[in-house]
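In the working numbering, the protein residues as written are 168 to 461.
Right, dumping it as structure tokens:
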């Protein structure tokens, strides 16, 4: 358990809890157990995701299942999930039932999203809409929940808390598309994971789905050839897909899609009745997420 936290990370989700709490003038000490619960849960999900994805690296370091073994990684993840729930014992508010309800719903959705991600690996084709639904569950709802719980513990009204939740979901979708981009076009040192890993394991990302949708018959045939090959040069496979993506301007199309979700998020934030300067802080932080390199 100590190892996963020693790997660092951006701590985006607990920051969102604190920012939302501050929007409504909540006390930092009240938000801390929620911030911890969200971050611990997130790391639990990463450990189990890495096992399922057979990922060699996490944040630039060896993953737990690679450093030890699958059993150690599974148990470490399980222990983190329990630890996440233990944080709620420190929440001193009548809102505890509401907070647990949000957390429980989100936890189940994240697991459902991961299952969908695995199911998609067995299917030859999926639509952009199906993919967005999957990443909404796997990634975006936790960002939304972090903001909503931060608002709830600061006694925000339901309308404002829900608007923040939708803001977080839209940011989360854009965030995942950015992650898909970084996997192909990012730097291994900055990204902290194996660049091209999604291509190597035939992961159905926004980029691959859109490329299959836009490709000529010959480019589509080449991508299918690489996908179906059992033995191949990882370097050559990644290069082949990158060339097709560049030809089809997939990077630019993904960036446009990210911008669309970010604009949706900004509209959600307009619905929140809170101090404009504090709202600006949340917006600036979200803009930073859209421009990150890791």
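C-beta: ideal position from N, C-alpha, C; glycine also.
Please read all numbers here as calculations on a predicted model, not as lab measurements.
Is the Cβ-Cβ distance between residue i and residue j less than 8 Å?
| i | j | result |
| --- | --- | --- |
| residue 452 | residue 186 | yes |
| residue 246 | residue 208 | no |
| residue 272 | residue 303 | no |
| residue 306 | residue 345 | no |
| residue 314 | residue 331 | yes |
| residue 323 | residue 191 | yes |
| residue 387 | residue 379 | yes |
| residue 241 | residue 171 | no |
| residue 389 | residue 401 | no |
| residue 204 | residue 270 | yes |
| residue 367 | residue 404 | yes |
| residue 188 | residue 312 | no |
| residue 277 | residue 212 | yes |
| residue 465 | residue 418 | With the chain covering only 168 through 461, there is no way to say anything about residue 465. |
Within the continuous alpha helix (DSSP H) that includes residue i, where are the two ends?
| i | result |
| --- | --- |
| residue 223 | Careful: residue 223 lies outside any alpha helix (DSSP H) and carries neither H nor E. |
| residue 364 | 364–367 |
| residue 174 | It is not in any alpha helix (DSSP H) - residue 174 carries neither H nor E in the DSSP assignment. |
| residue 190 | 179–190 |
| residue 255 | No alpha helix (DSSP H) contains residue 255, which DSSP labels as neither H nor E. |
| residue 429 | 417–437 |
| residue 407 | 401–414 |
| residue 388 | 384–395 |
| residue 454 | 443–457 |
| residue 354 | First-last for residue 354: undefined, no H or E at that position. |
| residue 374 | 373–381 |
| residue 273 | 263–289 |
| residue 302 | 295–302 |
Please name the residue in the options whose C-alpha comes closest to that of residue i.
| i | options | result |
| --- | --- | --- |
| residue 329 | 236, 308, 345 | 308 |
| residue 456 | 206, 257, 180 | 180 |
| residue 280 | 353, 299, 395 | 299 |
| residue 374 | 286, 437, 294 | 294 |
| residue 319 | 415, 176, 184 | 184 |
| residue 326 | 429, 439, 448, 458 | 439 |
| residue 421 | 260, 173, 349, 321 | 349 |
| residue 459 | 393, 402, 341, 367 | 341 |
| residue 433 | 392, 442, 447 | 447 |
| residue 289 | 395, 435, 222 | 395 |
| residue 301 | 445, 174, 282 | 282 |
| residue 414 | 441, 385, 228 | 385 |
| residue 239 | 217, 297, 189 | 217 |
| residue 274 | 347, 249, 296 | 249 |
| residue 317 | 444, 426, 196 | 196 |
| residue 206 | 254, 391, 442 | 254 |
Opposite residue i in the DSSP bridges: which residues?
| i | result |
| --- | --- |
| residue 228 | 225 |
Complete alpha helix (DSSP H) runs within the segment 308–334 (minimum length 4 residues, chain order): 308–320
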